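Numbering (full-length UniProt numbering), first residue to last: 1 to 417.
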């Protein structure tokens, strides 16, 4: 079968940017770069535990939502950085919705699907967010992006047909905000300042100039060092909240994502004065700083984070709120029970691996009146949500925000009581 070319119709949307077709014998073939409903000519390349992997040779019957990829270097047969860029935005969101429904059913069956449908009020799950650059809908939104220094300019890895990577020079990054253009990173300006092969991160904070992170050093321009700490701001209900964090620390990459997520989570939780809030995987305090402002001195906020640098940043960000505190701890099924004890509201924004079923079950059994589960990974979200519901929690609201357009990723917010 490996090496065979077959004709397939894409019948479902899988997790991870893949689409599913079936051979005559019923075995699944997973294909990237497709659209639901398309008829394709596919080369079978690898055997998988549950089916095969294949690559598109020809699109025989294209879907109505297929477009010419605006950035070929981002396509699945190149860097894959914009693996959904071959679809218009409406179709991208339809595919993400279909993928979410599939993951929810796999994790929790039809009962979980019905709970989400009831909480959501319909079948369309994914909502768009405002474009930072109206002239480029779905593009120019990333405030963080990584490249590698080449002898001249910068490049990204392209995966070749044999699976080996090859660095290709890039002269533009259409996913990135336009602020990076002033850094001159795509030309020869940095050739004498940064050694070839150095991994570079570009950062455009909302509260300062864009900068280049090269190894342990930060620069605003060649020969012009930058402070290794940055300032970000979020406005919620007319109040501006300022965050200081390490330049290389975690922050949502979409320009509008921090504000959109704060509004979604805090509004749905209806955090009130005097409440006791626990923020798990708090980072530099995106949610907990706003919560500290809302609960006031009669409430408490406890922010827990595994990264010591991020936790220290949260501590500094809470300086005006002595009733809020941050601590660097390991969060898992052995520790979560103690961490959330006494909390009325729990916010959990774990990494892609999620909470895990044992930890989610402990959270479900806690005395928390409301829980917010925030995730950028559909598979771990569905698993954790299924565990919370199985533990007796009721799903009140389900949001899916398209803060990663042109990619298969989607951010979800689940509110439970």
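Ideal Cβ placement from N, Cα and C applies to all residues, glycine included. Given the structure is predicted, the values throughout are model-derived calculations rather than measurements.
| query | Among 292, 416 and 408, which residue has its Cα nearest to the Cα of residue 96? | reply | Here residue 96 refers to the residue found at position 96 of the chain shown. It is 408.
| Whole-angstrom C-beta distance between residue 323 and residue 292, which should lie under 8 Å | Indexing the chain shown from 1 puts residue 292 at position 292. Indexing the chain shown from 1 puts residue 323 at position 323. Residue 292 to residue 323, Cβ: 7 Å. Contact.
| said: Output needed for residue 296: all residues of its chain with C-beta closer than 8 Å, excluding positions within five of it in sequence on either side, in chain order. | reply: Taking the chain shown and counting its residues from 1, one reaches residue 296 at position 296. Closer than 8 Å at Cβ, skipping near neighbours: 273, 274 and 323.
| request: Just the C-alpha distance for residue 154 and residue 184, rounded to the nearest angstrom, thanks. | output: Within the chain shown, residue 154 is the residue found at index 154, counting from 1. Within the chain shown, residue 184 is the residue found at index 184, counting from 1. C-alpha separation (whole angstroms): 10 Å.
| query | DSSP beta-bridge partners for residue 157? | reply | For the purposes of this step, residue 157 is taken as the residue at position 157 of the chain shown. DSSP lists 167 as partners of residue 157.
| message | Considering only their Cβ atoms, is the gap separating residue 271 from residue 288 smaller than 8 Å? | response | Sequence index remark: in the chain shown, residue 288 carries index 288 (1-based). Sequence index remark: in the chain shown, residue 271 carries index 271 (1-based). Taking 8 Å as the Cβ cut-off, residue 288 and residue 271 do not qualify as a contacting pair.
| Beta-carbon separation of residue 59 and residue 90 under 8 Å? | Numbered from 1 along the chain shown, position 59 holds the residue referred to as residue 59. Numbered from 1 along the chain shown, position 90 holds the residue referred to as residue 90. Residue 59 is not a Cβ neighbour of residue 90, given a cutoff of 8 Å.
| Among the residues of its own chain, which have a CB less than 8 Å from the CB of residue 30, if the five just before and after it don't count? | Translated into positions along the chain shown, residue 30 becomes position 30. Excluding residues within five positions, the ones whose Cβ falls inside 8 Å are 14, 18, 19, 20, 48, 51, 52, 53 and 54.
| request: Confirm, please, whether the CB-CB distance from residue 211 to residue 229 is below 8 Å. | output: In the chain shown, counting from the first residue as 1, residue 229 sits at position 229. In the chain shown, counting from the first residue as 1, residue 211 sits at position 211. With contacts defined by Cβ atoms closer than 8 Å, residue 229 and residue 211 do not form a contacting pair.
| field | In DSSP terms, what residue 292 is bridged to | value | In the chain shown, residue 292 corresponds to position 292, counting from 1. For residue 292, which the question treats as bridged, DSSP gives no partner whatsoever.
| query | Around the Cβ of residue 57, are there at least 16 other Cβ atoms within 10 angstroms (buried) or fewer (exposed)? | reply | Residue mapping note: residue 57 aligns to position 57 of the chain shown, counting from 1. The residue is exposed, with fewer than 16 neighbouring Cβ atoms inside 10 Å.
| query | CB of residue 120 to nearest heavy atom of the ligand COA: below 7 Å? | reply | The ligand content of the structure shown is nil, which means the ligand COA is not present either.
| query | Can you tell me whether DSSP reads residue 30 as helix, strand or coil? | reply | Here the question's residue 30 lines up with position 30 in the chain shown. Looking at residue 30 - three-state DSSP - the assignment turns out to be strand.
| query | What residues in its chain sit with their C-beta under 8 Å from that of residue 170, if we drop five residues either side in the sequence? | reply | In the chain shown, residue 170 corresponds to position 170, counting from 1. Around residue 170: 73, 147, 153, 154, 155, 156 and 186.
| Enclosing beta strand (DSSP E) for residue 21 [first to last residue] | Counting from one through the chain shown, the residue named residue 21 turns up at place 21. Its beta strand (DSSP E) spans residues 18-22.
| message | Distance check for residue 167 and residue 504, CA to CA, integer angstroms please. | response | Absent from the model: residue 504. The displayed extent of the chain is 1 to 417, so no value can be given.
| Run through DSSP, which three-state label would residue 10 get? | On the chain shown, position 10 is the one that residue 10 refers to. DSSP places residue 10 in coil when its eight states are reduced to three.
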